[in-house]
Ligand SMILES: [Zn+2]
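Numbering (this note's numbering), first residue to last: 6 to 302.
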């Protein structure tokens with residue numbers, strides 16, 4: 006099973022309840038922002054991480070502030086100090102991937118060689134953490150940085166961004182540099198829909214991602230003006246998990262090995278509701294019932 010980015014848009018649901026819910030529906034890890042700017046009132050990312058670890062959820066990727074991304078191009082120490090502070094934090098909690106953006110907007114400044122040298126020396130001082138740069142709207146700086154070939158400077162492949170910003174070529178081009186991924190769907194805009202809601206052939210992408218050693222996290226957000234209720238939250242998380250488990254990966258990986266499954270959604274629902282088995286027959290209770298009532302009985 007994969008992870009899910011903590012959805013703290015539900016302002017009145019305590020983080021402990023959110024995390025318990027992710028665990029209950031089957032997610033194995035969480036991702037989250039490690040910056041106060043992105044925190045709800047009275048919540049603290051360090052406490053969230055401690056609680057996740059306590060209840061057995063892994064934290065394999067965290068995200069730093071993306072709003073300051075163009076500062077990567079400024080010849081000052083400020084941005085690098087920020088990155089180093091966050092790297093130290095990741096090291097402390099043994100978090101493998103620190104996700105950041107190499108630019109913001111469609112026409113960002115270009116990163117210069119001097120900054121790139123400083124970035125490499127910083128990465129070298131924290132070999133246990135990947136500086137995982139995510140594909141965004143403009144990927145000029147991203148490619149420059151990936152082409153440095155520093156082992157712990159990696160790609161965080163975001164399948165929704167790749168669809169919205171026509172950059173799915175990055176998947177093959179930098180396949181051996183991907184250390185983590187963000188999964189969501191859309192119809193060409195950066196909407197972060199559930200996997201079942203969009204036009205991305207995400208099965209194909211997930212097949213590729215599953216063939217490499219990569220930490221995958223759903224990064225899905227509810228629609229605007231969603232109800233701030235516990236019911237809606239649980240329902241949303243369950244749908245996120247269902248989309249993933251029943252229509253994709255787990256079944257194929259654990260039961261059908263190399264065979265791709267292309268079953269109708271209704272069939273998945275029958276398996277899920279335990280009315281049919283994975284092998285396609287009715288479950289034993291249903292079978293007994295069925296034999297009694299068939300036309301020869
Ligand atoms: Zn993302």
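Heads up, the beta-carbon is just placed ideally off N, CA and C, and yes, glycines get one too.
Helix or strand or just coil, what does DSSP make of residue 82?
Coil.
Local Cβ density within 10 Å of residue 23, reported as buried at 16 or more and exposed below that:
Taking all protein chains shown into account, residue 23 has 16 or more neighbouring C-beta atoms within 10 Å of its C-beta and is therefore buried.
Short of 8 Å in beta carbon distance, which residues of its chain neighbour residue 193, apart from the five on each side in sequence? Order them along the chain.
168, 169, 204, listed in sequence order.
Find the nearest neighbour of residue 67 within the set 81, 174, 99, judged by alpha-carbon distance.
Nearest of 81, 174, 99 to residue 67, Cα basis: 99.
What are the uninterrupted segments assigned as beta strand (DSSP E) that are 3 or more residues long and contained completely in the segment 177-231, given in chain order?
Runs of the beta strand (DSSP E) inside the segment 177-231: 183-188, 220-223.
Restricting to Cα atoms, I'd like to know which of 182, 145, 128 is closest to residue 113.
Nearest of 182, 145, 128 to residue 113, Cα basis: 145.
With which residues is residue 121 paired in a DSSP beta bridge?
Partner residues in a beta bridge of residue 121, as assigned by DSSP, do not exist.
Taking 8 Å as the threshold (C-beta atoms), are residue 84 and residue 76 in contact?
Yes.
Heavy atom of ligand 1 less than 7 Å from the Cβ of residue 25, yes or no?
Residue 25 has its Cβ no nearer than 7 Å to any heavy atom of ligand 1.
What three-state label does DSSP hand residue 175 in the structure shown?
Helix at residue 175.
Outcome for residue 264 when other beta-carbon atoms lying within 10 angstroms are tallied against a minimum of 16
Model confidence at residue 264 stands at a pLDDT of 42, short of 50, so the residue's coordinates are unreliable; what they give is reported in the following sentence. Around the beta carbon of residue 264, fewer than 16 other beta carbons lie within 10 angstroms, which makes this residue exposed.
Are the CB atoms of residue 189 and residue 133 nearer to each other than 8 Å?
Result no, Cβ atoms of residue 189 and residue 133 do not sit closer than 8 Å.
With distances taken Cα to Cα, identify the nearest neighbour of residue 245 among 116, 30, 92.
Nearest option by C-alpha distance: 30.
Give me every residue whose Cβ sits closer than 5 Å to any heavy atom of ligand 1, in chain order.
Any heavy atom of ligand 1 within less than 5 Å of a residue's beta carbon puts that residue on the list, which reads 163, 187, 224.
Among 143, 197, 199, which one has its Cα closest to the Cα of residue 175?
Closest by alpha carbon: 143.
According to the Cβ coordinates, are residue 220 and residue 101 closer than 8 Å?
The criterion of a C-beta distance shorter than 8 Å is satisfied by residue 220 and residue 101.
Own chain partners of residue 38 with C-beta closer than 6 Å, once the 5 adjacent residues on each side are dropped
Apart from sequence neighbours up to five positions away, the residues of its chain that approach residue 38 with a beta-carbon distance below 6 Å are 68, ordered along the chain.
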